[in-house]
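Protein chains in written order, with my numbering: chain E, 264 to 351; chain F, 264 to 351.
Single-structure report; data block below.
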DNA sequence: GTATAATTTAGGCATACATCTAAATATTAA
DNA sequence: TTAATATTTAGATGTATGCCTAAATTATAC
C-alpha cells in the first residue's frame, strides 16, 4: 500500500473524475475519453498513473482496454488517512 | 473544502508526519523541526502548505508559533474520498 | 533601543508532473 | 497481408514542487 503513490494519483481532478465514472461502471479508454477534453495520450497517462497506484485495473477485450475500479484500494486509503490522526 | 489543495498537502510524507505528530499534541515550529532533517525554511514551507489546506492552524505564543491539527478537515477528506465511489 | 531568538519570506535551482504531437504496438477486418 | 481502429510509448515543453541559502520580520530580554 503505497500511500504516496495513491495520494499523488488522487490529487489530480481528472483522475478523481475517472474514478467517479468507473464507480458507476467499467469503461474502456475511449468511453472514458468522451468525458474529457484532453488528448488520448494524456488520458492514457492518467490511466497508467491510476493503475500504478492500484486504484484501477485493466483488461483487454478485443482491441479495447477495459478499466475497472478497485474499490478496496480507495477504501483502505481513506482508512489510512484516519489512522494518521488516531489518538491511539 | 478544496480537495485538490488538501490532497496535494497530504501527498508529501513529511507533511503526513507533521500531521501525525500534531495528532498527539500541538507543537511549535521548533519542536516539530526536531523530528526532521530539513532546514527551518523548508519546514516553514510545509507548515504553510498545511495551513493553506486548512489541515492545521497557527497561534502565536510569545515568539513561538504553535501549530495545532484541524481533525475535522482530515475526517471530511476521508469521507469525500469514499463519496467518490458511493453507489448511492 | 540593541542584541538575541524563533520563524517566515524571497529568490534560485533541480526534479516531478500534465499536456501535447508524432510514432509505435496490438487487434480485428477486408 | 494490408488497412483500419484503439490505445500506448517516446520525446519535448511549460508549470508546480521541494529544498537550499540569505535576508526580513516579530517578539522578548538586556
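No residue lacks a Cβ here, since even glycine has one placed at the ideal position from N, Cα and C.
These numbers were taken from a predicted model, which means no experiment stands behind them.
Would you call residue i buried or exposed, if buried means 16 or more other Cβ atoms sit within 10 Å of its Cβ?
i, result
"residue 282 of chain F", "buried"
"residue 350 of chain E", "exposed"
"residue 303 of chain F", "exposed"
"residue 278 of chain E", "buried"
"residue 325 of chain E", "exposed"
"residue 309 of chain E", "buried"
"residue 330 of chain E", "buried"
"residue 271 of chain E", "buried"
"residue 301 of chain F", "exposed"
Considering just the uninterrupted stretch of the beta strand (DSSP E) at residue i, what are its terminal residues?
i, result
"residue 331 of chain F", "327-332"
Tell me, to the nearest whole angstrom, how far the beta carbon of residue i is from that of residue j; I am working on the premise that it is less than 8 Å.
i, j, result
"residue 333 of chain E", "residue 320 of chain E", "6 Å"
"residue 295 of chain E", "residue 284 of chain E", "6 Å"
"residue 343 of chain F", "residue 266 of chain F", "6 Å"
From the DSSP secondary-structure annotation, give me the bridge partner or partners of residue i.
i, result
"residue 342 of chain E", "Residue 342 of chain E is not bridged to any residue."
"residue 294 of chain F", "None; residue 294 of chain F has no bridge partner."
"residue 335 of chain F", "Its beta-bridge partners do not exist; DSSP assigns none."
"residue 356 of chain F", "Within the shown structure, residues of chain F are numbered from 264 to 351, placing residue 356 of chain F beyond reach of any answer."
If I follow the unbroken alpha helix (DSSP H) through residue i, where does it start and stop?
i, result
"residue 305 of chain E", "303-315"
"residue 285 of chain F", "276-287"
- prompt: Can you list, in chain order, the residues of the stretch 282-298 of chain F whose Cβ is nearer than 7 Å to any Cβ on chain E?
  reply: 282, 283, 286
message: Output needed in chain order: residues of the stretch 323-343 of chain F with a Cβ under 8 Å from some Cβ in chain E.
response: 332, 334, 337, 338, 340, 341, 342
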